[in-house]
Amino acid sequence: MQWETVIGLEVHVQLATRSKIFSGASTAFGAEPNSQACAVDLGLPGVLPVLNEAAVAMAVQFGLAIHADIPEVSVFDRKNYFYPDLPKGYQTSQMYHPIVGAGEVEITLDDGSTKRIRVHHAHLEEDAGKSLHEDFHGMTGVDLNRAGTPLLEIVSEPDLRSAKEAAAYLKAIHSIVTYLGISDGNMAEGSMRCDVNVSVRPRGQEAYGTRAEIKNVNSFRFVERAIAFEVERQVELIEDGGKVVQETRLFDPDRDETRSMRTKEEANDYRYFPCPDLLPVVLDQAYVDHLRSNLPELPAEKRARFEHELGLSAYDASVLSATREMADFFEEAKNVCGDAKQAANWVQGELSGALNRESLPITHSPVSARQLGELIARVMDDTINGKAAKQVFQALWNGQGARADDIIEAQGLKQVTDSGAIEAMIDQVIEESPAQVAQYRDAEPDKRGKMIGYFVGQVMKASRGTANPQQVNQLLKEKLDALC
Amino acid sequence: MHDKTLVQLARALDAGEFSSRELTQHLLGRIDRLDGELNSFITVTFDQALAAADAADAIRAKGNAGPLTGLPLALKDIFCTRGVKTSCGSKMLDSFVSPYDATVVEKLRAAGTVSLGKTNMDEFAMGSSNENSHYGPVHNPWDLTAVPGGSSGGSAAAVAAGLVPAAMGTDTGGSIRQPAAFCGITGLKPTYGRVSRYGMIAYASSLDQAGPMARTAEDCALLLSAIAGHDLRDSTFVARGVPDYSGELTAPLSGLKIGLPREYFGDGLDPAVEKATREAIAVFESLGASVREVSLPHTHYAIPAYYVIAPAEASSNLSRFDGVRFGHRCDNPADLIDLYKRSRAEGFGDEVKRRILIGTHTLSEGFFDAYYKKAQQVRRLIRQDFLDAFEEVDVLMGPASPTPAFDLGANKDPVSMYLQDIYTIAVNLAGIPGISVPAGFVGDRPVGLQILGSHFTEARLLNVAHQFQQATDWHRRRPAFAEENA
């Protein structure tokens, strides 16, 4: 039988507010346990939440970016359950009236085609703390630094049909939130994670199969792997005459498998009800319009502009618009050197190569966009040749100079275009290479072209790479041919 | 000294008749001697009180005294007070010392008041008799065999017995007005959102409101001026200017339109209480007010709606008491679930458990629409009843409680106990302000007259209550217990 996979994703995005969603405590990552949890985050008796306006603005920006409805009124609800890292015994979330309504996200598939994935809604909520099991013998430690960190939970419709589509969707969300600057999108630090709902059904069947929910998957790769495993498990199960049960599962990346956590029967009754400590959030049109008018250029628009206005290939446009950091870097280098194609080549070639070798993100590039742009400009105005440019790049990378011009000056890399000087070097080389000259003279005229390489090399060496290669070629040919 | 009102004490301090330290010492002495019988305090903060009194005396000496500088009072143990045990009447929080001050506490401190300690209360403010405290019942100073009312019974009894001239209470379904009535003092529940709830341990968040309890409306006005006002830490707090409550007390009542809700004078009302109430209302007529009957048709749904909404919120609010971070934790838990179960089973009393169970049930899947949602609809109708009534009249009047204080241990059935709050509960559901003033006696037990106004009409209510107190002397009566021990 042919099986079709049906996938829906709930993506949790940590919003990049400076303080928590309901308190003034800092949200910075990596602090000493419980050093960034105030009375409100600890759920001390009597404390009350106060909504962080920045989190609201970020959620609305996301909604606008996915062309979603922005309801005028949204309401915070309490989701009640007991867990040691949930200080109040409930999570403040939005169940019935979320801040972002239905919207859609475009994903790009491997073959370059695009597909629209519907977003059911996105809602704001607070994160819980973290239970620590290591370093506590037979006990559990609780770190509440993360408690109260604002999350935007983005819930898709079950529109995804493969693990690859799911990964592409996750990447698209990642790209949108980082472009908006509303999240750092750092999956390793848990700034983005998702729950995956997977079911299978015979191809052509309309009704959905029973789904399993895989909790807390935190990398693009794991999403693909978890889904691949889960699909295989469900298909095998059904083909062996079994039945998929609705349950919550966990993906174990070490063993590359999903495992059952709890079944539907064991599921919590969360007893949602509107949080009486918070008033409904009412957004007036002027506020939404203001946020709309301040939206940055988003990935899809940027890709189109790179392609159509800057004349980049579809591939280059898509690579360079993949992240806002990459796009910003490229655009600055382009503005400095004045040539999009050259800037694209350098960013994707020399720069990306060097960054990959040292596993550095572009934000940590030792060579700034301005430095790179200036370097490219020097190639374009023939101040240096391509070979010297690579030397200058390396020197900038190593911090041996602040500007390309300084390095060119200090290392004497300026291209020699003075034909007198080049002629002198050529004469010297010819004089020091009698054997090669003899060979050249004796060779058939149509073989001489290849033999000139030796002399070019010698002249370039003599010029320490600074001679203009075209001139060297030209003059050498003239002089050697004159000897024949 | 202990017989004076706040206003009288302030005058005496100004005149140099005694210092705040002398006053504080005198009252601490009374607490020491008398509270063994009353049990109105859970914690008495002797050292902090004397230090605060000295600081107040120093401020007064410099000529910088405000209207409350150096005046003693007590705080219901529901208000978080930095460095002081804040138990909320529960074993669960017997070991809890708050690291921060509630906004109300902060404001009273800033006004220079001297807190003598934390008063006894029904556990987590759940009760109408103050018999649900982990620290034992409070006794009514008018009759030590009677209850003082709940849940602010400790505050009410302490004021009535002359241990403090005033105390802070909280009112979720009548917990300021009913004990004020039972103890013959004046208690004001302000409009919901008038006083910050920050730092007040939550029972039912959408109903809880802090307010003053004192001998006179004039004193309540003074205290409300101090505790009302801006607080960015409470989102349900209504940002609105604070009127001069004391300045409007003397406005004449001629032309005042009083409504008597038909539903507040029906079955279940003790005839003696009704008689006292009607006599009090006659006093207003003699002061130039007109009286007419009005109807609040959804009144009989108030108690059922309250006992859905309040426990629902409570079941959620009390989830944080899980033995993990603060408060009571059971010994040697076997595992996490055992930790939760035993900590909560040991830490909470029966009434609290009963309401948590009710609330958990009504919020459960399949019951939410039938109970919680329906109760919220009823709540809107009840609110509308009041808004409609206030189109016709300026204030509503009726009894604060259907009976005077009953005997300790007499009312064992929870449902009949819930009916104690029949005249007060709808007010919390509607969010309007209400005040109870002493208005007579049944035997030696006081009767309270309840006066209600529309949202943010505290100044009017205080004015009406003050004019009544200028014309009557019920509020000047002192229980024999206080006089014998003068």
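Chains as they are written, first to last, in the UniProt record's numbering: chain A, 1 to 484; chain B, 1 to 486. Glycine included, C-beta positions come from ideal geometry on N, C-alpha and C.
- Contiguous alpha helix (DSSP H) elements confined to the stretch 249-298 of chain A occur at 285-293, taking only those with 4 or more residues.
- Per DSSP, A/E106 is not a residue of any alpha helix (DSSP H); the beta strand (DSSP E) it occupies stretches across 103-108.
- The alpha-carbon separation between B/K353 and B/I201 amounts to approximately 17 angstroms.
- In chain A, no part has a C-beta under 7 angstroms from the C-beta of B/Y203; the shortest such distance is about 11 angstroms.
- For A/M380, the three-state secondary structure derived from DSSP is helix.
- Chain A places a beta carbon closer than 8 angstroms to that of B/M200, counting this residue as a contact.
- A/E72 carries a coil assignment under DSSP once its states are collapsed to helix, strand and coil.
- Chain B places a beta carbon closer than 8 angstroms to that of A/F82, counting this residue as a contact.
- B/E484 and B/R278 have their C-alpha atoms spaced approximately 32 angstroms apart.
- When the Cα atoms are used, A/Q394 and A/S352 turn out to be separated by approximately 13 angstroms.
- Against chain B, the CB of A/Y208 has no partner CB under 8 angstroms away; the residue lies outside that interface.
- Per the C-alpha coordinates, the member of A/S26, A/V6, A/I7, A/L132 positioned closest to A/L15 is A/S26.
- For A/R146, same chain residues with a beta-carbon under 6 angstroms away, outside a window of 5 residues either side, are D127, G129, K130 in chain order.
- In the DSSP annotation of this structure, the continuous segment of the beta strand (DSSP E) that includes B/K118 starts and ends at 114-119.
- Comparing alpha-carbon positions, the option among B/V395, B/G199, B/R82, B/T472 lying closest to B/V294 turns out to be B/V395.
- Where B/T103 is concerned, the enclosing alpha helix (DSSP H) starts and stops at 103-110.
- In this structure, B/A217 places its C-beta atom within 8 angstroms of the C-beta atom of B/I435.
- Between the stretch 400-417 of chain A and the stretch 449-458 of chain A, the count of C-beta pairs closer than 8 angstroms stays below three; the two stretches do not touch.
- In terms of CA proximity to B/A74, B/L28 leads the group B/G63, B/L28, B/K91, B/I59.
- Take B/S254, set aside five residues on each side of it, and the residues of its chain with a beta-carbon closer than 7 angstroms to its own are G288, in chain order.
- Counting other Cβ atoms within 10 Å of its Cβ, A/A435 stays below 16 and is therefore classed as exposed.
- Note on geometry: alpha-carbon atoms of B/G70 and B/Q469 lie some 25 angstroms from one another.
- Contact annotation for A/D269 against chain B: S364, E365 [CB-CB distance below 8 angstroms, chain order].
- Cβ neighbours of A/G101 within its own chain (closer than 8 angstroms, five residues either side excluded): G63, A68, D69, I70, P71, H121.
- Excluding sequence positions up to five before and after A/P361, its CB lies within less than 8 angstroms of the CB of E325, L355, all in the same chain and listed in chain order.
- When beta bridges are read from the DSSP output, A/W3 appears opposite A/P202.
- Judged by beta-carbon spacing, A/I176 lies within the 8 angstroms limit of A/A65, meaning their Cβ atoms are closer than that value.
- Each residue's CA atom was taken as its position, placing B/C330 and B/G323 some 7 angstroms apart.
- Contact of A/L396 with chain B by beta-carbon distance below 7 angstroms is absent, the smallest such distance being about 50 angstroms.
- Three or more Cβ pairs closer than 8 angstroms define a contact, and the stretch 264-274 of chain A meets that threshold against the stretch 240-251 of chain A.
- If you ignore the 5 residues before and after A/K387, its C-beta comes within less than 6 angstroms of the C-beta of G465, all in its own chain and listed in chain order.
- About 19 angstroms separates the beta carbon of A/C275 from that of A/H12, a gap too long to meet the 8 angstroms contact definition.
- For B/T360, at least one C-beta of chain A is nearer than 8 angstroms to its own C-beta.
- One thing to note: B/P141 has its Cβ no nearer than 8 angstroms to the Cβ of B/N130.
- Spanning the alpha carbons of B/K4 and B/P165 requires a straight line of approximately 7 angstroms.
- Separation of A/I182 and A/V56 (C-alpha to C-alpha, rounded to the nearest whole angstrom) is 11 angstroms.
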